[in-house]
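Residue numbering for the sequence shown follows my numbering, starting at 488 and increasing by one per position.
See below for the structure under consideration.
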Amino acid sequence: MHRVVMEELPAGLLSVWGTSARDVWTVGADPGDGPYVLRYDGDGWTRIPTGAQGDAWWVHGFESDGSVLVGGEGGMILRWDGTSFARMETPSDAPTIFGIWGSAPDDVLAVGGLGRVAGFVWHYDGSEWRAIELPEALEGRSLFKVWGRGRGDAWIVGTDGAVLHWDGEELAMHDAGTTRTLFTVHVGPDGSVAAVGGAGSGVLVVRDPEGAWHDVAPDLVPHLFGVFLTRDSGRAVGINGTFVRRESATWVVEDTGLALAETLHSVWIDPDGGVWAAGGQVLAEPLERGLLIYQGREEIASYEGE
């Protein structure tokens, strides 16, 4: 059963991630007092101050050292050390970081752009962030999300069907068979890659472990924003509270029993199979009416805001 954990928050939620069903982070827009950053510890939710300003677009962390990275507007990357957030020095304070992923605390990629153009990729080696040279064919396109499987194996997606692979040394363009915007990418345990996006109608493409791309979007599926793969399943989410579930090689639209007008922007599946989806009114300013949905066996505490 899908359950609303929080709704009508003053800030739209843009990303959700965690290490377990009892350690979950969700981040989002800045309602005027700093980016919304919430943490769940298994008992309840706490809003964590960051000392920063601007919308937070993505959260990713590492169980190995407990660090958490939050990326957002103005070249902002915040690092949580277990006690507090500190802003990291980045190559520029102009663009927006839309996505962050790393194989380890000393091997992290951040991607984004200035609006829908001027994409960038930064790499963090444990001591500093540096810009990575982009393929010439990417010129004029923004990048939105990144995910990988290990060091030297990460995928990046963006506008006009942009798909890049990072091998640890350089970026290479790939053709996923679409020229429509891809908003999010995820890599499954078997090496398969799923990317979602669209405009109006949705796009869902999957790269199998042998390297072939397939269009697996259900008929009439709307615009999709988030995707996550596990060994046996997967979820994609999008506008009007849409959930799409992977069943073997087929993807089907789920009936959640919820009448939602909001957009789900991010989805994460915890190690126990619980599905978490974050969103709200996030397609146009102001980004508000934050929403978090949970589907799973755990009894998750609700959050009513401050």
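Glycine included, each C-beta is placed from N, C-alpha and C at the ideal position.
Asked                                                                                                                                                                                    : Found
Tell me the DSSP secondary structure of E775 in three-state form.                                                                                                                        : strand
Alpha carbon to alpha carbon, how far is V739 from G713?                                                                                                                                 : 15 Å
Considering only residues of the stretch 520-583, which uninterrupted beta strand (DSSP E) runs meet the minimum length of 3 residues and lie entirely inside it, listed in chain order? : 524-527, 532-534, 543-548, 555-559, 564-567, 572-574
Given that a residue counts as buried once 16 or more other Cβ atoms are within 10 Å of its Cβ, and exposed if not, what is A618?                                                        : exposed
Rounded to a whole number of angstroms, what is the C-alpha to C-alpha distance between I587 and F631?                                                                                   : 9 Å
Counting Cβ pairs closer than 8 Å, one from the stretch 714-725 and one from the stretch 696-703, do we hit at least three?                                                              : no
Going by DSSP, what residues sit across from D640 in a beta bridge?                                                                                                                      : G637
Since I believe G599 is in contact with I584 (beta carbons under 8 Å), could you give me their beta-carbon distance rounded to a whole number of angstroms?                              : 4 Å
Tell me whether I587 sits in a helix, a strand or coil according to DSSP, three-state version.                                                                                           : strand
Use the C-beta contact count for G529: other C-beta atoms within 10 angstroms, 16 or more gives buried, fewer gives exposed.                                                             : exposed
Tell me whether L625 sits in a helix, a strand or coil according to DSSP, three-state version.                                                                                           : helix
Helix, strand or coil for G728 per DSSP?                                                                                                                                                 : helix
Please work out which residues of its chain come closer than 8 Å, Cβ to Cβ, to A508, disregarding the five sequence neighbours upstream and downstream, and give them in chain order.    : G529, D757, P758, D759, G761, G783, E785, I787
Using a Cβ-Cβ cut-off of 6 Å (strictly less than) and excluding sequence neighbours within five positions of R526, which residues of its own chain qualify?                              : W512, T533, I535
Report the rounded CA-to-CA distance for T743 versus D520, giving the unit in angstroms.                                                                                                 : 33 Å
Within the stretch 683-719, note down every full alpha helix (DSSP H) run reaching 4 residues or more, in order along the chain.                                                         : none
Return the chain-ordered list of same chain residues with a C-beta closer than 6 Å to the C-beta of Y790, the five sequence neighbours on each side being excluded.                      : M493, W532
What residue from D654, V644, A748 has the CA that sits closest to D662's CA?                                                                                                            : V644
What is the C-beta distance between V503 and L779, in whole angstroms, given that I count them as a contact (C-beta under 8 Å)?                                                          : 7 Å
Taking C-alpha atoms, which residue in P622, G777, G637 lies nearest to T750?                                                                                                            : G777
Could you check the C-alpha separation between G767 and W755 for me, to the nearest Å?                                                                                                   : 16 Å
Beta-carbon within less than 6 Å of S720's beta-carbon, same chain only, minus the 5 sequence neighbours each way: which residues are those?                                             : R733
Per DSSP, V492 forms a beta bridge with which residues?                                                                                                                                  : Looking at the DSSP assignment, V492 forms no beta bridge with any residue, so it has no partner.
Taking C-alpha atoms, which residue in V680, Q540, R667, A681 lies nearest to S688?                                                                                                      : R667
Please list the segments of the beta strand (DSSP E) lying wholly inside the stretch 736-773, counting only runs of 3 or more residues, in order along the chain.                        : 737-740, 750-756, 762-768
Which residues bound the beta strand (DSSP E) around D510?                                                                                                                               : 510-515
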